[in-house]
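Asks: Protein chains in written order, with our numbering: chain A, 1 to 258; chain B, 1001 to 1364; chain C, 2001 to 2321.
Ideal placement from N, C-alpha and C gives every residue a C-beta, glycine not left out.
The structure is given below, and queries will be raised subsequently.
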Amino acid sequence: MSELLRIENLSIDIQGADSRKSLIKGLNLSVDDLQTVALVGGSGGGKTTVGLAILQLLAPAMKISEGNIFFSGKNLFECSQKQMQEIRGNDISMVFQEPLSAFNPVFRIGSQIAEVLQIHTDLNRKQIKNRVLELLDLSEVSDPKRVASYYPHQLSGGLRQRAMIAQAIAANPKLVIADEPTSNLDVTIQARILALFKKIRKELNISMLLITHDLGVVKFLADRVFILNEGRVIESGATNTIFENPKESFTKKLMELI
Amino acid sequence: MIKKGLSPFQMAMATFRKNRLAIACVGILAVLYGSAIFAGFLSPYSYDNENREFSYCPPMKVHVIDSDRKLTRPYVNQMNLSFDKFHKRIYTEDKTKSFPIHFFIKGDSYKVIGLVPSTRHFFGVKVPGRLHLWGADSRGRDLLSRLLWGARISLSIGLIGVSISFFFGLLIGGISGYYGGKIDNLIMRMCEMIMMIPGFYLMLALRAAVPTEFNSLQVYIAIIVIFSFIGWASLARVIRGMAISLKQREYVLAAKALGVSDIKIITTHILPHTISYSIVAVMLSIPGYIMGESALSFLGLGIQDPYASWGNLLSEAMGIIQIKFSPWILLPGFFIFLTIICFNIIGDALRDALDPTLKSEGQS
Amino acid sequence: MFKYIVKRILIAIPLLLGMSLLTFVLMQVTPGNFFDTLKLDPQVSPETIAHYERLYNLDKPLFQQYFHWLKNLVHLDFGYSFHYNAPVSKIISSRLFNTFILSLSSMLVAWLVAIPLGIIMAVNRNRFIDKFLSFLSFVSLSVPGFFLAILLLYFASKVGGLPLGGMQSVNFDQMNFFEKAIDIARHLVIPTIVISIGSVAGLQRIMRGNLLEVLRKQYILAARAKGLPENRVIYKHALRNAINPLITILGYHLSGLLSGAALIEIIFSWPGLGTVMLTAVRAKDLYLVMASMLMGGVLLFLGNLLADIMLMWVDPRIRYD
């Protein structure tokens, strides 16, 4: 199994008005081919920032003070904007936490998914149109044509998340970064979306970096787990090992929350 | 160690003080208003002191080196008027006749702050010399003097008008929002009606209602009344909105339960919370009043000759010929601009200091 | 939607009537009427003056005069202008058209300049160009319109080539249609610049603010995460959302212009509603004043109504509910 993503010694600081605080310190993480890795920690701990760092989409206030991120052997920090644009959505894509705010409110769902195909593939309009419907179907949307014609606010939370998943897998990425993919969903829908993730990654051979604070999700989906506390990885290992034998007190506390 | 807590007002003032541009503007306004208050003393002449032989006289050069190349008391030379073949005015300096500038010299009579009569002026030249540091208008009246006298009117109308609008806008808005129901309805309809009339048109119509027999002082008061009438409505509307949300707050209900009278509740519990918005609104609306008075006077409907206001000083500039050959008559316009930009900068700075969330463009 | 419009119109009517009553009262506060100048002329007999006064109802008690005016209003008869010696409706309609041309051209220029400027400023936030343009817009907000008009007139007179006032050249009537259009366009240039400078400043700040706010949104981050080139992110995704609220301002802008341009009209002798209002007020031409005020109020109302309707229309979130 080859290594798909490797984060080496990553440190990220927040540049405030007068101060510079450390958010992430010396993070080491890797995701192998066909593997799902979970990055777990409390809310606001900086997990999302790691995901954004991979895509080089950090806010201006976030400064990378040291470290490297390698994807398929390439150092992402040495890539130009244009090269990163090739990678985003195409090799690495992201599923966001809140699907309502992650979609543009004035464009229809179908056209927003189609955009990924327009940018990253050579398909013509008709082919793109059909592919969008295929993708929605793959995401277990029962009436793809109608959903594609809707605006984001017209869909339910669950349907929106399925649409976002469809958008994320559109260009057949190798790695999907899922940031709290079910936290904003109804409990009843959460399970179905998680099952959808499992199905899709198997069918499309996708690796996943799962960012979450919910250990239940971790148990269901992840092969390996990295526990993040106060900006550092304090424990890591195979999912079963961590769950059976949590070493750190913080990890034990997280377990109690399930 | 427990730090002494600062009230929101004190914190706002601290932020404001850090803004050096705004402080500079406060300084500029202080100079302008101070000059206006002491216009009589600071200006070499009264506003109606005219001399046709100095019509459109250009700004005079002040010399400090005399004919022997020695440093001497500042002086100006006599300006002689002649006409070229196109009937254009030409002023030549007559170096043989010079008039030294004296300080605290006796001149036209005036009243200090309108009360104490005096004839002392800060500087000037002895008759028959004439001093026009910033030039003269068509009738040979000193522009610097008229600018200073004009400042009194132009700057005061803004402040007084705004104070009246502010007072009524706050009070009526507070009452309307607090009581709700029929009173609220009636007051809001009135506000909407006033706001529905295009401002300029309303100003003209109101001005038309001022009798022509009014003397200048009455016209001055009438103009202030007109502007206040136009201005209170929009402030009242916003205050009313704030009052409606504020009256549900617990401390208001508690005061009511304790039997505090309505007026007291409005003035002590509700209106103070509207202060940050009100102050900013007031600061930013003063320019509108100043522009309005200038516009009215410019059209000849405001302050009339011989009294000076920056607006009617500018009406002289309507003729293109005048501007071409006598550009100094545009000075009143620059002063209006300067005043307005200072108020705008201060208003913006106050808004940032009092409530950073009001700023439309934030930081990420 | 239709019900909403009707409701707004129904609310506006009493307000407009109230406004007309207020105008009427204001015109009556000062003694005398249009014919005062005639009265000073010893050659005109008192009988003639009385005849005119009877003719125009000026001898009747005040509220009869007002009701008479109201009655005529229903028939769309706005009365007669003493000063121009013509029906008021004729004067108002021609002037209204002129004001419209000026307002529309100013609006067009203002938007064509302000939107790109606002975008440039937002995209280059806090860099030199942003600070410089902010400074310029701040300055232009603080310059009194009529002062700017004078300055521009001065420069235009030095440079030459553009007419300095009025709407038509002396030989207008001898021109063919095309030449007439160009002639009016040339007369429009300076007044349009003066009016639009004031508008650009405000619009561009709003555009900048809106765009900055939109650029902070999650869906912009998501668009970048999809691999979209930055151009597309800004000009397709961000702009659409940033402009939406601006559409609503269109209506307010237009209605504001129609009245706000009055002073500029007067300075440039542009024969619009503003100049007519001034002339009418000075001459105590009662019915012309009342009609002008009414027109001004109606235009303001329509502009605001248009703005509110557009708000409902452009935002799909509101549209589909």
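From A2201/C, N2304/C and I2193/C, pick the residue whose C-alpha is nearest to that of I2247/C; which is it?
Replies: Working through the third sequence from its first residue, we reach residue 2247/C at position 247. For I2247/C, the nearest C-alpha among the options comes from N2304/C.
Asks: Can you look up H1087/B in the DSSP assignment and give me helix, strand or coil?
Replies: The sequence position of residue 1087/B within the second sequence is 87, counting from 1. Coil, per DSSP.
Asks: Taking CB distances under 7 Å as the criterion, tell me whether R2208/C reaches chain A.
Replies: Stepping through the third sequence from its first residue, residue 2208/C is reached at position 208. Output row for R2208/C: interface = no.
Asks: In chain order, what residues of the segment 2135-2147 of chain C put their CB closer than 9 Å to some CB of chain B?
Replies: If the cut-off is 9 Å between Cβ atoms, the segment 2135-2147 of chain C has F2138, V2139, L2141, S2142, V2143, P2144, G2145, F2146 and F2147 near chain B.
Asks: Thinking C-alpha only, which one of L2016/C, V2298/C and G2165/C is nearest I2264/C?
Replies: Residue 2264/C sits at position 264 when you count from the first residue of the third sequence. The option with the nearest alpha carbon to I2264/C is G2165/C.
Asks: Would you decide whether G2274/C is buried or exposed? Buried here means 16 or more other CB atoms lie within 10 Å of its CB.
Replies: Looking up residue 2274/C in the third sequence gives position 274. Its Cβ being crowded by 16 or more others within 10 Å, G2274/C is buried.
Asks: Closest to Q81/A by CA distance: which of Y2235/C, P2229/C, R2282/C and L2148/C is it?
Replies: For this step, residue 81/A is matched to residue 81 along the first sequence. Considering only alpha carbons, the answer is P2229/C.
Asks: Do I92/A and L27/A come within 7 Å of each other at the CB atom, strictly closer than that value?
Replies: As a position in the first sequence, residue 27/A is number 27, starting the count at 1. As a position in the first sequence, residue 92/A is number 92, starting the count at 1. Not closer than 7 Å, so no.
Asks: Quick one: what's got a C-beta closer than 8 Å to K1359/B's C-beta in the same chain, skipping five residues either side?
Replies: Within the second sequence, residue 1359/B is the residue found at index 359, counting from 1. Confidence at K1359/B is low in this model, with a pLDDT of 45, below 50, so the placement of that residue should be treated as unreliable; the coordinate-derived value is given next. Hits under 8 Å: R1351 and D1352.
Asks: Can you tell me the Cα-Cα spacing of E98/A and S2199/C, whole angstroms?
Replies: Locating residue 98/A in the first sequence gives position 98, counting from the first residue. Locating residue 2199/C in the third sequence gives position 199, counting from the first residue. Whole-angstrom Cα-Cα distance: 38 Å.
Asks: Take P2163/C and list the residues in its own chain whose beta-carbon comes closer than 7 Å to its own, dropping the five residues that flank it on each side.
Replies: As a working note, residue 2163/C is residue 163 in the third sequence. Once the five neighbours on either side are set aside, the close Cβ partners of P2163/C are S2169, R2186 and H2187.
Asks: Determine, using beta carbons only, whether K247/A and E235/A come nearer to each other than 7 Å.
Replies: Taking the first sequence and counting its residues from 1, the one referred to as residue 247/A is at position 247. Taking the first sequence and counting its residues from 1, the one referred to as residue 235/A is at position 235. Yes. Within cutoff.
Asks: State the DSSP-derived secondary structure class of Q35/A, mapped to helix, strand or coil.
Replies: Numbered from its first residue, the first sequence carries residue 35/A at position 35. Note: Q35/A maps to coil in three-state DSSP.
Asks: Once the 5 residues before and after I2101/C are set aside, which same chain residues still bring their CB inside 8 Å of it?
Replies: The count along the third sequence starts at 1 and reaches residue 2101/C at position 101. So the qualifying residues of the chain are I2184 and L2188.
Asks: Which of the three DSSP states is assigned to N205/A in this structure?
Replies: The count along the first sequence starts at 1 and reaches residue 205/A at position 205. If DSSP states are grouped into helix, strand and coil, N205/A belongs with coil.
Asks: Under a Cβ-count criterion, where at least 16 other Cβ atoms within 10 Å of its own Cβ denotes burial, should H1132/B be classed as buried or exposed?
Replies: For the purposes of this step, residue 1132/B is taken as the residue at position 132 of the second sequence. Counting Cβ neighbours within 10 Å, H1132/B comes out buried, since at least 16 surround it.
Asks: For T1212/B and D1094/B, what's the separation of their Cα atoms in angstroms?
Replies: Within the second sequence, the letter at position 212 stands for residue 1212/B. Within the second sequence, the letter at position 94 stands for residue 1094/B. The straight-line gap from Cα to Cα measures roughly 46 Å.
Asks: Would I113/A and A166/A be called neighbours here (beta carbons separated by less than 7 Å)?
Replies: Taking the first residue of the first sequence as position 1, residue 113/A is located at position 113. Taking the first residue of the first sequence as position 1, residue 166/A is located at position 166. A contact, by the Cβ cut-off of 7 Å.
Asks: Can you tell me whether DSSP reads A1012/B as helix, strand or coil?
Replies: Indexing the second sequence from 1 puts residue 1012/B at position 12. A1012/B: helix per DSSP, three-state reduction.
Asks: Given a cut-off of 7 Å, decide if L5/A and V31/A are closer than it, judged by their beta-carbon atoms.
Replies: Numbered from 1 along the first sequence, position 31 holds the residue referred to as residue 31/A. Numbered from 1 along the first sequence, position 5 holds the residue referred to as residue 5/A. Taking 7 Å as the Cβ cut-off, V31/A and L5/A qualify as a contacting pair.
Asks: Does any residue of chain B have a CB that is nearer than 7 Å to the CB of I2009/C?
Replies: The residue labelled residue 2009/C in the question sits at position 9 within the third sequence. Judged by the 7 Å Cβ criterion, I2009/C is not in contact with chain B.
Asks: Counting only Cβ pairs nearer than 8 Å, list the residues of chain B close to I2266/C.
Replies: By 1-based counting over the third sequence, the position of residue 2266/C is 266. Chain B residues near I2266/C: L1299.
Asks: Using the rule of at least 16 other Cβ atoms within 10 Å of the residue's Cβ for burial, across every protein chain shown, is G2209/C buried or exposed?
Replies: Stepping through the third sequence from its first residue, residue 2209/C is reached at position 209. Buried: at least 16 other Cβ atoms inside 10 Å.
Asks: Give me the residue from T2048/C, S2255/C and A2222/C with the minimum Cα distance to L57/A.
Replies: The residue you call residue 57/A lines up with position 57 of the first sequence. Closest option to L57/A, Cα to Cα, is A2222/C.
Asks: Report all residues from its chain with a CB closer than 7 Å to the CB of S1035/B; omit the five preceding and five following residues, and keep chain order.
Replies: Position 35 of the second sequence, counted from the first residue, corresponds to residue 1035/B. Taken in chain order, the residues that qualify are L1042, L1148 and A1151.
Asks: Whole alpha helix (DSSP H) runs in the segment 1225-1270 of chain B with 4 or more residues, listed along the chain?
Replies: Correct list: 1250-1257 and 1262-1265.
Asks: What did DSSP end up calling R131/A once you bin it into helix, strand or coil?
Replies: Position 131 of the first sequence, counting from 1, holds the residue named residue 131/A. R131/A falls in the helix class under three-state DSSP.
Asks: What's the call for E244/A, buried or exposed, on a 16-neighbour Cβ count within 10 Å?
Replies: As a first step, residue 244/A is located in the first sequence; it is residue number 244 there, counting from the start. E244/A comes out exposed.
Asks: Taking 8 Å as the threshold, find out whether the segment 1017-1030 of chain B comes into contact with the segment 1093-1107 of chain B through three or more Cβ pairs.
Replies: No, because fewer than three Cβ pairs between the segment 1017-1030 of chain B and the segment 1093-1107 of chain B fall closer than 8 Å, the two stretches do not touch.
Asks: Tell me the start and end of each unbroken beta strand (DSSP E) in the segment 1284-1342 of chain B that is at least 3 residues and wholly inside, in chain order.
Replies: Runs found: none.
Asks: Below 8 Å, can you find three or more Cβ-Cβ pairs linking the segment 1164-1178 of chain B to the segment 1232-1244 of chain B?
Replies: Yes, the segment 1164-1178 of chain B touches the segment 1232-1244 of chain B.
Asks: Under a three-way DSSP split, which group does Q112/A fall into?
Replies: Position 112 of the first sequence, counted from the first residue, corresponds to residue 112/A. Helix.
Asks: According to DSSP, is K1126/B helix, strand or coil?
Replies: Here residue 1126/B refers to the residue found at position 126 of the second sequence. Coil, per DSSP.
Asks: In chain E, which residues lie less than 7 Å from R2240/C when you measure between Cβ atoms?
Replies: No chain E is present in this structure, whose protein chains are A, B and C.
Asks: Output yes or no for whether 7 Å exceeds the beta carbon distance between T2023/C and G2272/C.
Replies: For this step, residue 2023/C is matched to residue 23 along the third sequence. For this step, residue 2272/C is matched to residue 272 along the third sequence. Cβ distance not < 7 Å, so T2023/C and G2272/C don't count as in contact.
Asks: Does the segment 2083-2091 of chain C come within contact of the segment 2191-2207 of chain C, defined as at least 3 CB pairs closer than 8 Å?
Replies: Cβ pair count under 8 Å is below three, so no.
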